[in-house]
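The structure appears below as structure tokens.
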Ligand SMILES: [Zn+2]
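In the UniProt record's numbering, the protein residues as written are 1 to 426.
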């Protein structure tokens with residue numbers, strides 16, 4: 001087993017518990033490897049000072065009217081060795097947090113809400129009769145995982161991801177990021193402003209997290225969070241229903257129209273159809289035909305596609321040709337009256353629209369893995385198509401780079417010393 005496998009397998013092993021002996025062996029290796037790696041990572045690379053600065057939002061003791069208790073009321077949660085899971089930890093300073101992390105070497109760090117009182121003292125407050133332990137601030141967060149797209153990707157499944165299916169995440173970032181910045185659309189919830197302070201992070205578990213950090217976002221109630229999450233909740237995929245998306249009203253919401261025209265439709269037609277070979281086998285095209293409510297159109301298309309062997313022309317032409325046939329059938333004059341044109345949009349939405357983990361966004365007290373924790377790296381939403389999840393830094397690679405960087409520096413400085421000594425000697 002390579003170090004990488006040990007490292008990448010950690011999350012699965014925490015959850016699954018197949019063979020006990022094997023599990024113990026793996027745990028022993030994992031412990032040794034991880035303890036060394038984590039020690040170096042937290043000691044040399046984990047940016048505690050930056051995380052403290054971020055989560056203080058100016059309440060850092062340097063401004064006259066700042067709230068010095070602010071950072072200390074933030075919940076941290078840690079997953080330690082042997083699946084020990086600790087919640088409601090809090091720290092008054094970056095050095096306190098740093099010391100705890102360096103001493104305990106957690107496998108995972110999660111960030112929770114800012115509470116009304118110090119979370120670690122919540123029982124003392126409860127006993128004093130003042131039952132005031134409630135979350136008062138929390139970034140608005142979104143969580144998307146590529147494994148939720150298994151019904152529309154054929155290259156990978158589960159936690160696996162490659163450059164063919166990762167663009168499903170990329171377009172989700174584009175759709176959500178754009179609408180969060182133009183939030184004028186959700187007038188009833190947020191008046192007429194958009195959000196500006198948005199952090200996108202590769203979750204390290206083959207998905208992405210979004211942290212909306214504007215003060216207005218942090219102060220949203222659970223009810224308002226629920227309304228925002230519902231607003232994005234277009235994809236309602238269910239095993240038992242052919243209707244995977246719900247597009248209400250006679251015309252698409254302006255936000256959905258923009259997403260459809262600018263992002264989803266071009267991506268579906270120019271990339272996804274071919275990269276996932278959506279029309280190549282009966283099983284695959286049947287999934288699409290099932291979404292057509294008019295059985296006569298579906299069977300007409302099925303008839304055209306069933307008998308035909310793949311023509312000798314290019315793969316792209318083959319898939320696009322079938323998609324054009326489907327669009328023409330749904331858009332032809334005789335079907336216009338039946339409102340089937342919406343069906344094309346529904347197919348595109350079902351295959352491409354962001355699939356959010358709703359519960360994460362709805363509740364202030366929900367935890368989310370901290371950025372830079374083994375190793376959740378930020379993604380620039382304006383250049384998200386350049387992000388490659390297959391080359392994301394792993395703990396071992398980072399430390400190797402650090403070590404080789406250090407040894408190179410040592411060589412450089414030794415060379416300089418030799419050079420200086422030589423020149424001095426003349
Ligand atoms: Zn893939």
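Note that beta-carbon positions come from the ideal geometry of N, C-alpha and C, so glycine has one too.
Predicted model only: the values in this text are computed from it and were never measured.
Item, Value
"Inter-stretch contact at 8 Å, needing at least 3 Cβ pairs: the stretch 91-100 / the stretch 253-264", "no"
"Closer than 7 Å: residue 164 CB and nearest ligand 1 heavy atom", "yes"
"Unbroken stretches of the alpha helix (DSSP H), 4 residues or longer, contained in the stretch 80-168", "94-104, 122-127"
"The beta strand (DSSP E) enclosing residue 199, as first and last residue numbers", "198-202"
"Classification of residue 370 by the beta-carbon crowding that lies within 10 angstroms, buried from 16 upward", "buried"
"beta-carbon residue 161 near ligand 1 non-hydrogen atom, thresh 7 Å", "yes"
"Per-residue DSSP class, three states only, for residue 191", "Bear in mind that the predicted position of residue 191 carries a pLDDT of just 49, short of 50, making it unreliable; the figure below should be weighed with that in mind. It is coil, neither helix nor strand."
"Opposing strand residues paired with residue 274 [DSSP bridges]", "Bridge partners of residue 274: none, in fact."
"Simplified DSSP state of residue 210, which is helix, strand or coil", "strand"
"Terminal residues of the alpha helix (DSSP H) in which residue 258 lies", "254-259"
"Proximity to residue 91 [Cα-Cα], best of 82, 80, 112", "112"
"Three-way DSSP call (helix, strand, coil) for residue 304 in this model", "helix"
"Per DSSP, cross-strand counterpart(s) of residue 368", "111"
"The stretch 43-54 / the stretch 368-387 touching (three or more Cβ pairs under 8 Å)", "yes"
"Residue 332 (DSSP reduced to helix, strand or coil)", "coil"
"Residue 106 vs residue 140 beta-carbon contact at 8 Å", "no"
"Option in 36, 68, 299 with minimal Cα separation from residue 114", "68"
"Distance, residue 395 Cα to residue 76 Cα", "22 Å"
"Proximity to residue 108 [Cα-Cα], best of 82, 302, 251", "82"
"Residue 273, buried or exposed, once every other Cβ within 10 Å from all chains shown has been counted against 16", "buried"
"The stretch 213-225 contacting the stretch 374-386, beta-carbon criterion three pairs below 8 Å", "no"
"Cβ shell of residue 346 (< 8 Å), same chain only, five flanking positions each side left out", "243, 244, 245, 247, 291"
"Stretch pair the stretch 289-304 + the stretch 263-273: three plus CB contacts closer than 8 Å", "no"
"Close-in-space but distant-in-sequence residues of the same chain around residue 147 (CB under 8 Å, 5 per side omitted)", "157, 158, 159, 206, 207"
"First through last residue of the alpha helix (DSSP H) which encompasses residue 55", "48-56"
"Nearest residue (CA-CA) to residue 235, options 306, 152, 390", "152"
"Residues near residue 263 in its chain [Cβ-Cβ closer than 7 Å; skip 5 each side]", "171, 174, 175"
"Nearest candidate by alpha-carbon position, reference residue 228, set 356, 136, 35", "356"
"Distance cut-off 7 Å: residue 87 Cβ against heavy atoms of ligand 1", "no"
"Exposed unless 16 or more other CB atoms sit within 10 angstroms - verdict on residue 196", "exposed"
"Contact test: residue 153 Cβ vs ligand 1 heavy atom, cutoff 7 Å", "yes"
"Three-state secondary structure (DSSP) of residue 377", "coil"
"CB contact flag (residue 143, residue 360, <8 Å)", "yes"
"Cβ shell of residue 301 (< 7 Å), same chain only, five flanking positions each side left out", "289, 325, 326, 329"
"Which of helix, strand or coil DSSP assigns to residue 386", "helix"
"Pairwise C-alpha distance: residue 116 and residue 136", "6 Å"
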